[in-house]
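Engineer: Let me begin by handing over the structure; questions about it come next.
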Amino acid sequence: MQVRSLICLAVVSLLAFSYFQIASGDTPPETRQDFAITEISIDPESNDITFSFPAKVGQTYAIDRSSTLRPASLTSAGWLEMNDSLVAQSEIQSFTDPGAAADHSKFFYRVRVKEDGSARTALTYARECEEHLGPFPKFRYEDAIEIPITQNGERVIVTAENIGRNLRSGDKPAAFGAPYQLGNRVGRYHGIKADGSTNPDVTFVTFFRDGGLGVIGHNMKTGATCFLSIKDEISGGQDLPTPDEPDYNRSWQPPTVVAADGCMKCHMADPFLHSPWIDQVRDPKNPELTLVPLIADFDSPYFVIGKEFSPPPGREPGAVRATIPKHLEGNKCIECHAPQCVPDFFNVKLDELKMSAPFHTMEKETRERWIKDRDAIRAYCRSLNIEHSGGGGEEE
Ligand code: HEC
Ligand code: HEC
Numbered sequence: 066m067q068v069r070s071l072i073c074l075a076v077v078s079l080l081a082f083s084y085f086q087i088a089s090g091d092t093p094p095e096t097r098q099d100f101a102i103t104e105i106s107i108d109p110e111s112n113d114i115t116f117s118f119p120a121k122v123g124q125t126y127a128i129d130r131s132s133t134l135r136p137a138s139l140t141s142a143g144w145l146e147m148n149d150s151l152v153a154q155s156e157i158q159s160f161t162d163p164g165a166a167a168d169h170s171k172f173f174y175r176v177r178v179k180e181d182g183s184a185r186t187a188l189t190y191a192r193e194c195e196e197h198l199g200p201f202p203k204f205r206y207e208d209a210i211e212i213p214i215t216q217n218g219e220r221v222i223v224t225a226e227n228i229g230r231n232l233r234s235g236d237k238p239a240a241f242g243a244p245y246q247l248g249n250r251v252g253r254y255h256g257i258k259a260d261g262s263t264n265p266d267v268t269f270v271t272f273f274r275d276g277g278l279g280v281i282g283h284n285m286k287t288g289a290t291c292f293l294s295i296k297d298e299i300s301g302g303q304d305l306p307t308p309d310e311p312d313y314n315r316s317w318q319p320p321t322v323v324a325a326d327g328c329m330k331c332h333m334a335d336p337f338l339h340s341p342w343i344d345q346v347r348d349p350k351n352p353e354l355t356l357v358p359l360i361a362d363f364d365s366p367y368f369v370i371g372k373e374f375s376p377p378p379g380r381e382p383g384a385v386r387a388t389i390p391k392h393l394e395g396n397k398c399i400e401c402h403a404p405q406c407v408p409d410f411f412n413v414k415l416d417e418l419k420m421s422a423p424f425h426t427m428e429k430e431t432r433e434r435w436i437k438d439r440d441a442i443r444a445y446c447r448s449l450n451i452e453h454s455g456g457g458g459e460e461e
């Protein structure tokens, strides 16, 4: 969603200065020695320029050419894409630019590693999700409910001018990201069966945070869960296509990109996370309940759909239920829900909170046993070595 640490397309680029010496460009250090243009030659008869680079067989590369090395915005030059899908056939792959040397121009070449050509699209992933969750509803900002920001108990009114602003202080911080951002919303939809009737086992929760949108779809009976996110350049407020509408892929991220955000590393014990901030929003039909579904069962089924996603930390691939490690048996913290780790960079320590009913009230925590059990969970969390892609979370 908003965690910007995604694998970018142009992971590696390097430059070859016409047919003279080779200069390496802004190659990340760890790949520098393996990735360089190794040989470049001109055929004096045909004026073909041919060069080679070490490649991974089967990997797709793009080849660009420039005559000035200046960005496209400054001159008409820029980088010209010569080939956008060169699939390497051997460990030293060559590329020929036919007749390029004919007029003695100076050329620079750049090789880029392309994203895996077999990567699935957002639509293909959505269709796989729909097999488990039924057709996606239309996700709308208008349907979602604003999550209050209060200061000394007074609600801050969101206006066109202050929407998106992150205030310096407030009563209840978001656990993750900007703590007091105005205008964020959470929404909820029931699943739909193929015949159009309601499917009470399936819930979709939308989260409009920081201008973006993340969605979690979950089937409580089977545990099947999908994580969705719109692209960074798309605004959550705009009309967002369903899989049955045109241009779905233009708005929604492909599954490799969503998975790189590591949603399930935080959404760990079950698909839904609770914080006192988001739980201010109640189910309009029953204000006793939070809008974000409360699962609170250590044995609830939960698995993430899509081969791009890793299982939540501590779970076996394909497992539907959490594995409770032997040494944690009898630990009070896993009586109600599977182990839930809290990243260091969260604005609130969710495992230390006093939460109102139906949550555990952590006042009890002062009792020795609770503290001991929580420390055991924390030690277990450290042993899982969960690496969060955003490091410190979002940076907008
Ligand atoms: C670094 C931890 C972290 C990561 C990674 C993360 N989230 Fe969340 N998410 C949270 C927290 C914490 C909340 C609860 C709101 C709050 O207080 O910040 C939340 C809330 C949500 C909600 C609202 C429903 C709920 O569970 O409360 C949705 C939907 C959501 N996240 C989707 C996603 C998606 C999709 C991804 C991956 C693209 C993702 N999240 C990645 C921490 C994370
Ligand atoms: C009496 C039942 C109960 C016990 C015991 C309990 N919890 Fe919870 N806990 C909940 C409920 C309910 C929630 C909110 C909903 C959910 O996540 O399913 C929650 C939420 C949390 C969260 C916030 C993230 C999230 O998943 O929503 C953390 C972290 C957490 N508990 C840690 C602990 C720790 C650590 C202990 C032991 C000291 C503990 N819990 C013991 C019921 C319990």
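Numbering-wise (the working numbering), the sequence shown opens with residue 66 and increments by one. Quick reminder that beta carbons are idealized off the backbone N, C-alpha and C, glycines included.
1) What's the gap between the Cα of Ala384 and the Cα of Tyr174?
2) How should Ala444 be labelled, buried or exposed, when 16 other C-beta atoms within 10 angstroms of its C-beta is the threshold for buried?
3) What number of angstroms, rounded off, separates the C-alpha of Thr92 from the C-alpha of Pro319?
4) Using 9 Å as the limit for Cβ to Cβ distance, is Glu207 near chain B?
5) Going by the beta-carbon positions, is the gap between Ile295 and Gly282 smaller than 9 Å?
6) Going by the C-beta, is Trp435 closer than 8 Å to any heavy atom of ligand 2?
7) Measure from the alpha carbon of Pro119 to the alpha carbon of each residue in Leu418, Ile107, Glu156, then state which is nearest.
8) Could you check whether the Cβ of Lys237 sits closer than 8 Å to any heavy atom belonging to ligand 2?
9) Ligand 2 and Ile295: does any heavy atom of the ligand fall closer than 8 Å to the residue's C-beta?
10) For Glu310, tell me which candidate among Lys437, Val413, Leu188 has the shortest Cα-Cα distance.
11) For Glu95, which residues in the same chain have their Cβ closer than 6 Å to its Cβ, ignoring the five residues on either side in sequence?
12) Can you tell me whether Glu460 is buried or exposed, with buried defined as 16 or more other CB within 10 angstroms of its CB?
13) Here's the rule I'm using: 16 or more other beta-carbon atoms within 10 Å means buried, otherwise exposed. How should Asp440 be labelled?
14) Within the present structure, is the beta-carbon of Lys397 separated from the nearest heavy atom of ligand 2 by less than 8 Å?
15) For Cys328 and Phe368, which I take to be in contact (beta-carbon distance under 8 Å), what is that distance rounded to the nearest angstrom?
16) Whole angstroms are fine: how far does the CA of Ala166 sit from the CA of Leu139?
17) For ligand 1, is there any heavy atom lying closer than 8 Å to the beta carbon of Leu232?
18) What is the rounded straight-line gap between the Cα of Ala153 and the Cα of Pro382?
19) Is it buried or exposed for Phe410, if we count other Cβ within 10 angstroms and need 16 for buried?
20) Looking at C-alpha atoms only, which residue of Arg315, Ile436, Asn284, Arg447 is the closest neighbour of Pro200?
21) So what does Val267 bridge to, in DSSP terms?
22) What are the start and end residues of the beta strand (DSSP E) that includes Met147?
23) Please tell me whether, using a cut-off of 8 Å, the distance from the CB of Ile343 to the nearest non-hydrogen atom of ligand 1 is below it.
24) Between Ser234, Val357, Arg347, which has its C-alpha nearest Val280's C-alpha?
25) Which residues in the same chain have their Cβ closer than 6 Å to the Cβ of Pro163, if we skip the five residues on either side of it in sequence?
26) Roughly how many angstroms lie between the CA atoms of Thr307 and Ser150, to the nearest whole one?
27) Thinking just about the alpha-carbon of each residue, which of Glu104, Ile128, Asp168 is nearest to the one in Glu110?
28) If you pair each beta-carbon of the segment 232–240 with each one of the segment 261–273, do three or more pairs fall below 8 Å?
29) With a cut-off of 8 Å on the beta carbons, I'd call Ala324 and His197 a contact; round off their distance for me.
30) Output needed for Asp344: all residues of its chain with C-beta closer than 6 Å, excluding positions within five of it in sequence on either side, in chain order.
31) Per DSSP, which one or two residues make a beta bridge with His339?
32) Excluding five sequence neighbours on each side, which residues of the same chain lie with their C-beta closer than 6 Å to the C-beta of Ala361?
33) Can you tell me whether Ser340 sits near ligand 1, meaning its C-beta is under 8 Å from at least one heavy atom of the ligand?
34) With respect to 8 Å, is the separation between the Cβ of Phe374 and the closest non-hydrogen atom of ligand 2 below this value?
35) Going by alpha carbons, who is nearest to Asp129 out of Ser454, Phe116, Ile399?
36) Work out the CA separation of Asn217 and Glu373 for me, nearest whole Å.
Structural biologist: Taking the geometry as given:
1) Sequence index remark: in the sequence shown, residue 384 carries index 319 (1-based). Sequence index remark: in the sequence shown, residue 174 carries index 109 (1-based). So the alpha carbons of these two residues sit roughly 47 Å apart.
2) Here residue 444 refers to the residue found at position 379 when the sequence shown is read from its first residue. Exposed, because fewer than 16 other Cβ atoms sit within 10 Å of the Cβ of Ala444.
3) Here residue 92 corresponds to residue number 27 of the sequence shown, with the count starting at 1. Here residue 319 corresponds to residue number 254 of the sequence shown, with the count starting at 1. Because Thr92 sits at a pLDDT of 40, beneath the cut-off of 50, its placement in the model cannot be relied upon, and the point is left open.
4) The structure shown has no chain B; it contains just one protein chain.
5) The sequence position of residue 295 within the sequence shown is 230, counting from 1. The sequence position of residue 282 within the sequence shown is 217, counting from 1. Taking 9 Å as the cut-off, the beta carbon of Ile295 is found no closer than this to the beta carbon of Gly282.
6) Counted from its first residue, the sequence shown places residue 435 at position 370. Because some heavy atom of ligand 2 lies under 8 Å away, the Cβ of Trp435 counts as near it: yes.
7) One-based indexing of the sequence shown puts residue 119 at position 54. Checked all of Leu418, Ile107, Glu156; the closest Cα to Pro119 is Glu156.
8) Counting from one through the sequence shown, the residue named residue 237 turns up at place 172. No, since every heavy atom of ligand 2 falls outside the 8 Å radius drawn around the Cβ of Lys237.
9) The count along the sequence shown starts at 1 and reaches residue 295 at position 230. Look at Ile295: its beta carbon is at least 8 Å from all of the heavy atoms in ligand 2.
10) Sequence index remark: in the sequence shown, residue 310 carries index 245 (1-based). Residue Leu188 is the option with its Cα nearest to Glu310.
11) Numbered from its first residue, the sequence shown carries residue 95 at position 30. Low confidence applies here, because Glu95 scores a pLDDT of 41, under 50, leaving its location unreliable; read the following figure in that light. Within its own chain, no residue has a Cβ closer than 6 Å to the Cβ of Glu95 once the five positions on either side in sequence are excluded.
12) Within the sequence shown, the letter at position 395 stands for residue 460. Note on Glu460: pLDDT 33, under 50, position unreliable in the model; no value is reported.
13) As a working note, residue 440 is residue 375 in the sequence shown. By the neighbour-count criterion, in which a residue is buried when 16 or more other Cβ atoms sit within 10 angstroms of its Cβ, Asp440 is exposed.
14) Within the sequence shown, numbered from 1, the residue matching residue 397 stands at position 332. Result yes, Cβ under 8 Å from ligand 2.
15) As a first step, residue 328 must be located in the sequence shown, where it is residue number 263. As a first step, residue 368 must be located in the sequence shown, where it is residue number 303. No, Cys328 and Phe368 are not in contact; Cβ-Cβ is about 13 Å, not under 8 Å.
16) Numbered from 1 along the sequence shown, position 74 holds the residue referred to as residue 139. Numbered from 1 along the sequence shown, position 101 holds the residue referred to as residue 166. Unreliable positioning characterises Leu139 in this predicted model, as indicated by a pLDDT of 48, which lies under 50. The coordinate reading is nonetheless provided below. Each residue's alpha carbon lies about 24 Å from the other.
17) Within the sequence shown, residue 232 is the residue found at index 167, counting from 1. Closer than 8 Å to some heavy atom of ligand 1: that does not describe the Cβ of Leu232.
18) In the sequence shown, counting from the first residue as 1, residue 153 sits at position 88. In the sequence shown, counting from the first residue as 1, residue 382 sits at position 317. Cα to Cα, Ala153 sits roughly 31 Å from Pro382.
19) For this step, residue 410 is matched to residue 345 along the sequence shown. Classification for Phe410: exposed.
20) Locating residue 200 in the sequence shown gives position 135, counting from the first residue. If you compare the alpha carbons of Arg315, Ile436, Asn284, Arg447 with that of Pro200, the shortest gap goes to Asn284.
21) Counting from 1 along the sequence shown, the entry for residue 267 is found at position 202. Looking at the DSSP output, Val267 sits in a beta bridge with Asn284.
22) To locate residue 147, count along the sequence shown from 1; it is residue 82. For Met147, the enclosing beta strand (DSSP E) has its first and last residue at 145–152.
23) Here residue 343 corresponds to residue number 278 of the sequence shown, with the count starting at 1. Yes, ligand 1 has a heavy atom inside 8 Å of this Cβ.
24) Counting from 1 along the sequence shown, the entry for residue 280 is found at position 215. Out of Ser234, Val357, Arg347, Val357 has the C-alpha closest to the C-alpha of Val280.
25) Residue numbering aside, residue 163 sits at position 98 when the sequence shown is read from its first letter. Excluding five sequence positions before and after Pro163, the CB atoms of its chain that fall closer than 6 Å to its own CB belong to Asp113, given in chain order.
26) Here residue 307 corresponds to residue number 242 of the sequence shown, with the count starting at 1. Here residue 150 corresponds to residue number 85 of the sequence shown, with the count starting at 1. Distance between the alpha carbons of Thr307 and Ser150: 30 Å.
27) In the sequence shown, residue 110 corresponds to position 45, counting from 1. Out of Glu104, Ile128, Asp168, Asp168 has the C-alpha closest to the C-alpha of Glu110.
28) Look at the beta carbons and you see the segment 232–240 not touching the segment 261–273: under three pairs across the two are nearer than 8 Å.
29) As a first step, residue 324 is located in the sequence shown; it is residue number 259 there, counting from the start. As a first step, residue 197 is located in the sequence shown; it is residue number 132 there, counting from the start. Going by Cβ atoms, the distance from Ala324 to His197 rounds to 17 Å, so no, they are not a contact pair.
30) Against the sequence shown, residue 344 aligns to sequence position 279. Only Thr355 meet the Cβ criterion.
31) Start at 1 with the first residue of the sequence shown, and residue 339 comes out as number 274. According to DSSP, His339 bridges with nothing at all.
32) Along the sequence shown, one-based indexing puts residue 361 at 296. The answer, listed in chain order, is Cys401, His402.
33) Mapped onto the sequence shown, residue 340 falls at position 275. At least one heavy atom of ligand 1 sits closer than 8 Å to the Cβ of Ser340.
34) Within the sequence shown, residue 374 is the residue found at index 309, counting from 1. Result no, Cβ not under 8 Å from ligand 2.
35) Here residue 129 refers to the residue found at position 64 when the sequence shown is read from its first residue. Scanning Ser454, Phe116, Ile399 for the CA closest to the CA of Asp129 turns up Phe116.
36) Here the question's residue 373 lines up with position 308 in the sequence shown. Here the question's residue 217 lines up with position 152 in the sequence shown. The alpha-carbon atoms of Glu373 and Asn217 are separated by roughly 44 Å.
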